[in-house]
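J.: So that we are looking at the same thing, I have put the structure below in structure tokens.
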């Protein structure tokens with residue numbers, strides 16, 4: 007007879023390609039995961055994984071059976087939600103992936119309020135500027151900037167009109183002056199960050215329909231957008247950031263928008279979900295809560 011725990015561990019091991027990582031995620035010992043997979047293989051009378059000391063991969067039989075295992079778990083989860091009382095609709099564990107800057111400075115407060123409103127819910131929040139693979143990584147939903155060019159997942163819009171703005175701290179502008187043209191911007195120190203392995207040092211700025219790709223000079227860069235924000239507030243240079251990331255700093259005077267006559271590129275924010283079947287009550291309510299916060303900030307975005 008199939009064990010639900012064994013089925014769950016099989017699906018996660020197939021996604022992570024590692025018994026050790028699966029065990030770490032589940033809070034088990036690797037030997038326990040290995041035993042569960044062997045027990046499952048004995049029940050099915052097939053071999054699910056080809057193992058070696060350095061690699062783990064699905065066998066052809068494992069590849070064939072995997073989508074059925076995933077569908078079985080999703081069906082059980084959907085059935086579980088259907089039989090829960092309405093007052094307990096938001097419960098269990100929700101694993102969230104969110105960009106570091108956005109998560110710490112805007113969404114963390116939303117998550118805290120959402121958890122207080124639904125005390126039966128447990129949140130596991132992963133902060134990272136790396137692009138999360140919602141099909142392989144251990145997350146239920148991910149918050150992602152950019153247009154939805156991948157039709158394989160579901161993207162729920164949060165801030166479709168969000169864009170980047172050029173900002174600097176009052177202390178920096180007092181010391182070095184405020185640039186009023188693109189040519190003057192080139193004389194300043196820019197704070198740049200790495201996106202998908204490449205330094206984002208060509209800033210697209212638009213005015214009257216003309217887009218200028220400004221090649222800025224940077225003495226400091228980072229792969230963590232939160233670090234760039236902190237450096238900007240500390241007066242180390244000029245940054246080009248999503249409005250959602252710096253709106254609080256601008257409204258409270260820690261940063262100032264410069265070159266307001268130019269518009270930065272659009273960076274819409276979406277909440278990503280692997281499948282429409284996973285749009286649970288919890289996910290829909292979280293989307294509503296975050297969208298309310300985004301809408302309030304979008305109304306403050308200078309035209």
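Residue numbers (the working numbering): 7 to 309.
Here a beta-carbon is modelled for each residue, glycine too, at the ideal position from N, C-alpha and C.
Since we're looking at a predicted model, the values are computed, not measured.
Mark residue 252 as exposed unless 16 or more other C-beta atoms lie within 10 angstroms of its C-beta, in which case mark it buried.
T.: Here residue 252 corresponds to residue number 246 of the chain shown, with the count starting at 1. Its Cβ being crowded by 16 or more others within 10 Å, residue 252 is buried.
J.: Taking buried to mean at least 16 other C-beta atoms within 10 Å of its own C-beta, is residue 49 buried or exposed?
T.: Counted from its first residue, the chain shown places residue 49 at position 43. Around the beta carbon of residue 49, a 10 Å sphere encloses fewer than 16 other beta carbons of the protein chains shown; the residue is thus reported as exposed.
J.: Is the region 222 to 229 close to the region 254 to 266, with three or more CB pairs under 8 Å?
T.: no
J.: At the level of alpha carbons, what is the spacing between residue 79 and residue 17?
T.: For this step, residue 79 is matched to residue 73 along the chain shown. For this step, residue 17 is matched to residue 11 along the chain shown. Answer to the nearest angstrom: the Cα atoms are 9 Å apart.
J.: Buried or exposed: where does residue 205 fall if 16 or more other Cβ atoms within 10 Å of its Cβ makes it buried?
T.: What you label residue 205 is simply residue 199 of the chain shown in a count that begins at 1. Label assigned to residue 205: exposed.
J.: Could you give the first and the last residue of the continuous alpha helix (DSSP H) run that contains residue 294?
T.: What you label residue 294 is simply residue 288 of the chain shown in a count that begins at 1. It spans 287 to 304 - the alpha helix (DSSP H) in which residue 294 sits, taken as one unbroken run.
J.: In the region 126 to 206, which residue ranges form an unbroken beta strand (DSSP E) of at least 3 residues, counting only runs that do not cross its ends?
T.: 127 to 133, 147 to 151, 160 to 165, 170 to 174 and 195 to 201
J.: Between residue 174 and residue 234, which are expected to be in contact by the criterion C-beta below 8 Å, what is the C-beta distance as a whole number of angstroms?
T.: What you label residue 174 is simply residue 168 of the chain shown in a count that begins at 1. What you label residue 234 is simply residue 228 of the chain shown in a count that begins at 1. Going by Cβ atoms, the distance from residue 174 to residue 234 rounds to 12 Å, so no, they are not a contact pair.
J.: If you run the structure through DSSP and keep just helix, strand and coil, what is residue 16?
T.: Translated into positions along the chain shown, residue 16 becomes position 10. Three-state result, residue 16: helix.
J.: Nearest by alpha-carbon distance to residue 1: which of 105, 113, 218 and 145 is it?
T.: Absent from the structure is residue 1, since the part of the chain shown begins at 7 and ends at 309.
J.: Quick check on residue 213: does DSSP put it in helix, strand or coil?
T.: Taking the first residue of the chain shown as position 1, residue 213 is located at position 207. In the structure shown, residue 213 sits in a strand (DSSP, three-state: E or B).
J.: Let me know the secondary structure DSSP gives residue 63 once reduced to three states.
T.: Counting from 1 along the chain shown, the entry for residue 63 is found at position 57. Reduced to three states, the DSSP call for residue 63 is strand.
J.: According to DSSP, is residue 118 helix, strand or coil?
T.: Stepping through the chain shown from its first residue, residue 118 is reached at position 112. DSSP places residue 118 in helix when its eight states are reduced to three.
J.: Are the beta-carbon atoms belonging to residue 250 and residue 165 less than 9 Å from one another?
T.: Counting from 1 along the chain shown, the entry for residue 250 is found at position 244. Counting from 1 along the chain shown, the entry for residue 165 is found at position 159. Cβ atoms of residue 250 and residue 165: closer than 9 Å.
J.: If you follow the beta strand (DSSP E) that residue 5 is in, where does it begin and where does it stop?
T.: Any answer about residue 5 is impossible in this case: the structure gives the chain only from 7 up to 309.
J.: Note the first and the last residue of the continuous alpha helix (DSSP H) segment covering residue 40.
T.: On the chain shown, residue 40 is found 34 positions in, with the first residue counted as 1. It spans 36 to 50 - the alpha helix (DSSP H) in which residue 40 sits, taken as one unbroken run.
J.: Rounded C-beta distance between residue 278 and residue 147? I'm assuming under 8 Å.
T.: For this step, residue 278 is matched to residue 272 along the chain shown. For this step, residue 147 is matched to residue 141 along the chain shown. About 6 Å; that satisfies the 8 Å criterion.
J.: Return yes when the Cβ of residue 222 is within less than 9 Å of the Cβ of residue 210, no when it is not.
T.: In the chain shown, counting from the first residue as 1, residue 210 sits at position 204. In the chain shown, counting from the first residue as 1, residue 222 sits at position 216. The answer is no: Cβ separation not under 9 Å.
J.: Whole angstroms are fine: how far does the CA of residue 109 sit from the CA of residue 232?
T.: Start at 1 with the first residue of the chain shown, and residue 232 comes out as number 226. Start at 1 with the first residue of the chain shown, and residue 109 comes out as number 103. Their Cα atoms are separated by approximately 9 Å.
J.: Could you tell me which residues DSSP pairs with residue 256 in its beta bridges?
T.: Here the question's residue 256 lines up with position 250 in the chain shown. According to DSSP, residue 256 bridges with nothing at all.
J.: Quick one: using the 10 Å Cβ neighbour count with 16 as the cut-off for buried, is residue 280 buried or exposed?
T.: The count along the chain shown starts at 1 and reaches residue 280 at position 274. Looking at its Cβ environment, which holds 16 or more other Cβ atoms inside 10 Å, residue 280 is buried.
J.: Closest by CA to residue 53, which one among 43, 111, 60 and 59?
T.: To locate residue 53, count along the chain shown from 1; it is residue 47. The shortest Cα separation from residue 53 among 43, 111, 60 and 59 belongs to 43.
J.: By Cβ distance below 8 Å, which residues in the same chain neighbour residue 242 in space, the five residues on each side in sequence not counted?
T.: Taking the first residue of the chain shown as position 1, residue 242 is located at position 236. Result list for residue 242: 178, 195, 197 and 226, in chain order.
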